[in-house]
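Participant:
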Amino acid sequence: MGSSALLRERISFRKDLEQQAELLLDTLSAANSDALYFNKFDEAGEIINNLDKNSQSKRLIISARLYQKDGRVISDTFTEDYKVLSLQPDPLGQKILASQQLVLDWQDEKLIAGKPILVGEDVVGAVSIGFSTKPLQTELRQTLLEGLMAAVIIAIISILLARLLSRSITKPLQQLTTATKQISTGEWGQTINLQTNDELTTLSNAFNHMSGQLHNVVESLKLQTNELENSRQIAQTRADELEQTLGELRKTQEKLIQQEKMSSLGQMVAGVAHEINNPVTFIQGNVEPAQEYVADLLNLIELYQKHYPNPHEEILAEEDAIDLPFLKEDIAKLLFSMNMGSERITAIVNSLKTFSRLDEALCKAVDLHVCLDSTLVILDHRLKGQGHRPTVEVIKDYGTLSAIECFAGQLNQVFMNLIANAIDAFEEPDPALELNSEKTSQRQIYICTSMTDNDHVLIQIRDNAGGMSVEVQSRIFDPFYTTKPVGKGTGLGLAISYQIITELHGGQLTCESIPGQGTEFLIEIPSSQPLAT
52 MGSSALLRER ISFRKDLEQQ AELLLDTLSA ANSDALYFNK FDEAGEIINN
102 LDKNSQSKRL IISARLYQKD GRVISDTFTE DYKVLSLQPD PLGQKILASQ
152 QLVLDWQDEK LIAGKPILVG EDVVGAVSIG FSTKPLQTEL RQTLLEGLMA
202 AVIIAIISIL LARLLSRSIT KPLQQLTTAT KQISTGEWGQ TINLQTNDEL
252 TTLSNAFNHM SGQLHNVVES LKLQTNELEN SRQIAQTRAD ELEQTLGELR
302 KTQEKLIQQE KMSSLGQMVA GVAHEINNPV TFIQGNVEPA QEYVADLLNL
352 IELYQKHYPN PHEEILAEED AIDLPFLKED IAKLLFSMNM GSERITAIVN
402 SLKTFSRLDE ALCKAVDLHV CLDSTLVILD HRLKGQGHRP TVEVIKDYGT
452 LSAIECFAGQ LNQVFMNLIA NAIDAFEEPD PALELNSEKT SQRQIYICTS
502 MTDNDHVLIQ IRDNAGGMSV EVQSRIFDPF YTTKPVGKGT GLGLAISYQI
552 ITELHGGQLT CESIPGQGTE FLIEIPSSQP LAT
């Protein structure tokens, strides 16, 4: 008998013992409920004592206790003096009363079972029974002994049968097995010769026929495999060439798209700046004389009011109609606002010119801080709060930088892509930002510049938006990869930015992001270019 059978026997015995315990506990609970309800502890103790005298399962039951509803022992059967009234609550009794259901505690060579005694829904006490598990050990040992004896008998019979069969079957099968192993190792054409005039001879003949056919098939497969290997190598070579060509085409396409985009953007920006510049210059040139003229007219009106304090009724009516005091006060503010607006437009036009860089050489020494500021001016409308969208604060920590040799137009495009992506990150729905109103009101983009020890320029652009997952970080520089909805991104911005920094400027562009905390892009480029003109 195996270990599984022993386990089944053990489980069956445990279940029987648990059922017997529960049945006996139910009987004792019913017998003691009234006595305990009316606090007749002597009567309840007699009932438990009778269990010792009348039990038919005395070899199994080794203890029985009755408890008050506070956990103290009323009666302890199978002792010299079964009437025991303890002064302190018994831990087992308290455990049974607290559980208010059947309690089973398997210990070494015994089972302790307990159950509360109920009258209606009131707990009036508890009872516990202890059972010995020694009979289980005895039965299991007997079962194990019987299983071992059966196994020995079966083993002896098996040995005798094996010896009888080995002479007529085993040896021919060994020859067949040996020949099969040789074929499996590549030694084709193996044959066996048996003269037993039985089914084994038929089997050996079939094996010899199969071996010959298998040898022919293997030789044919070798020829076909060689031909397929040659074809595969040719196909792999062509596939590698096509993959290389496709990669070059993709890079060329990205460069053409970037060049065309920058060219179109630069021409458009330069054209818009030129068209705006003329009327703005005209407005700026006339605002100051207009202020002087209006001041002269207001001064003249005050002289009239001083020397002609009693004007005609029609003049008084017109003064009331146009609200002359308000007009005199507001027209100065109006002209001042017009002057401020024209100066703002002039600053934007200058930023557009700086961003386009059409009037400068391809590679030239520039002030990176001016490039960053011009980009921020262009994106100013997206940084300001509108409706439900809070304002994005830009914190600038500019270090001391000399003029840097770089391709300014392309570098401006990198700044534009990175800062625009940071702004986009705030506009994407983020549950962490929506739940944290304090963080929502502190949307910030941090821009820092500094010089490194190896004469490189380090530019840090960091936001405190929702961050990116590890999977997204691993693909952000791949061409045409985007997490934005259809129509809101081409997936080329960061790929082109990476190419501009690494290939055009010989620098590095890296990204560090923590989900829920933010993203930081690090740009590091040399302060001078070897091919600068």
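Using our numbering, count along the sequence shown one by one with no gaps and you end on 584.
Even glycine gets a Cβ: it sits at the ideal position worked out from N, Cα and C.
Are the Cβ atoms of residue 177 and residue 185 separated by less than 9 angstroms?
Facilitator: Cβ atoms of residue 177 and residue 185: not closer than 9 angstroms.
Participant: Thinking C-alpha only, which one of 148, 173, 474 and 182 is nearest residue 157?
Facilitator: Considering only alpha carbons, the answer is 182.
Participant: Could you name the residues that DSSP lists as bridge partners for residue 181?
Facilitator: DSSP lists 114 and 163 as partners of residue 181.
Participant: Just to confirm, are residue 396 and residue 429 a CB contact at a threshold of 9 angstroms?
Facilitator: Taking 9 angstroms as the Cβ cut-off, residue 396 and residue 429 do not qualify as a contacting pair.
Participant: Let me confirm a value: residue 116 is counted as buried when at least 16 other C-beta atoms fall within 10 Å, else exposed. Which label applies?
Facilitator: Burial call: buried.
Participant: Applying the 10 Å Cβ sphere with the 16-neighbour rule, what's the burial state of residue 63?
Facilitator: By the neighbour-count rule (16 or more Cβ atoms within 10 Å), residue 63 is not buried but exposed.
Participant: According to DSSP, simplified to helix, strand and coil, what is residue 439?
Facilitator: Residue 439 falls in the coil class under three-state DSSP.
Participant: State the Cα-Cα distance for the pair residue 59 and residue 153, rounded to the nearest angstrom.
Facilitator: Between residue 59 and residue 153, the C-alpha separation is close to 24 angstroms.
Participant: Check whether the Cβ atoms of residue 327 and residue 389 lie closer than 9 angstroms to each other.
Facilitator: Not a contact, by the Cβ cut-off of 9 angstroms.
Participant: So which of 494, 575, 524 and 68 has the shortest CA-CA distance to residue 516?
Facilitator: Taking only the C-alpha atoms, the option nearest residue 516 is 494.
Participant: Please report the Cβ distance between residue 164 and residue 73, rounded to the nearest whole angstrom; I am assuming they are in contact, meaning their Cβ atoms lie under 8 angstroms.
Facilitator: About 7 angstroms separates the two Cβ atoms, so the contact holds.
Participant: Measure how close the beta-carbons of residue 560 and residue 553 come, nearest whole angstrom, since I'm counting them as under 8 angstroms.
Facilitator: That pair is a contact at about 6 angstroms.
Participant: Can you check whether the CB of residue 422 is closer than 9 angstroms to the CB of residue 469?
Facilitator: No, the Cβ-Cβ distance between residue 469 and residue 422 is not below 9 angstroms.
Participant: Is DSSP giving residue 507 helix, strand or coil here?
Facilitator: Note: residue 507 maps to strand in three-state DSSP.
Participant: Between the region 116-125 and the region 87-96, can you find at least three pairs of beta-carbon atoms closer than 8 angstroms?
Facilitator: Yes, since at least three Cβ pairs between the region 87-96 and the region 116-125 fall closer than 8 angstroms, the two stretches touch.
Participant: Per the contact definition of three or more C-beta pairs closer than 8 angstroms, is the region 521-530 in contact with the region 425-442?
Facilitator: Result no; under three Cβ-Cβ pairs closer than 8 angstroms.
Participant: On the DSSP bridge assignment, give the partners of residue 376 in chain order.
Facilitator: None, per the DSSP bridge assignment.
Participant: Is residue 447 near residue 498, with beta carbons less than 9 angstroms apart?
Facilitator: Contact flag set, yes.
Participant: Quick check: the Cα distance between residue 202 and residue 210, rounded to an integer number of angstroms?
Facilitator: Residue 202 and residue 210: Cα-Cα distance of roughly 12 angstroms.
Participant: Could you check what DSSP says for residue 562 in three-state terms: helix, strand or coil?
Facilitator: Strand at residue 562.
Participant: At what residue ranges does the region 321-386 contain a whole run of the alpha helix (DSSP H), taking only runs of 4 or more?
Facilitator: The qualifying runs are 364-373.
Participant: For residue 457, write down the residues that DSSP places opposite it in a beta bridge.
Facilitator: Paired residues: 415.
Participant: For residue 168, which three-state DSSP category applies?
Facilitator: Three-state DSSP puts residue 168 in a strand.
Participant: If you count every other CB in all the chains shown that lies within 10 Å of the CB of residue 141, and 16 or more means buried, which is it?
Facilitator: Result: buried.
Participant: I'd like to confirm the pairing. Which residues does DSSP put opposite residue 585 in its beta bridges?
Facilitator: No information on residue 585 is available, as it lies outside the stretch 52 to 584 that the chain covers here.
Participant: Going by CA-CA distance only, name the one from 295, 456 and 496 that's closest to residue 474.
Facilitator: Closest by alpha carbon: 496.
Participant: Would you kindly check if the distance between the Cβ of residue 84 and the Cβ of residue 168 is under 9 angstroms?
Facilitator: Yes; because the gap between Cβ atoms is below 9 angstroms, this pair is in contact.
Participant: How long is the line joining the alpha carbons of residue 331 and residue 338, rounded to whole angstroms?
Facilitator: Approximately 10 angstroms between the Cα atoms of the pair.
Participant: Could you spell out where the alpha helix (DSSP H) holding residue 150 opens and where it closes?
Facilitator: 142-150 is the extent of the alpha helix (DSSP H) around residue 150.
Participant: Can you list, in chain order, the residues of its chain whose CB lies under 7 angstroms from that of residue 80, leaving out five sequence neighbours each side?
Facilitator: Correct list, in chain order: 166, 168 and 178.
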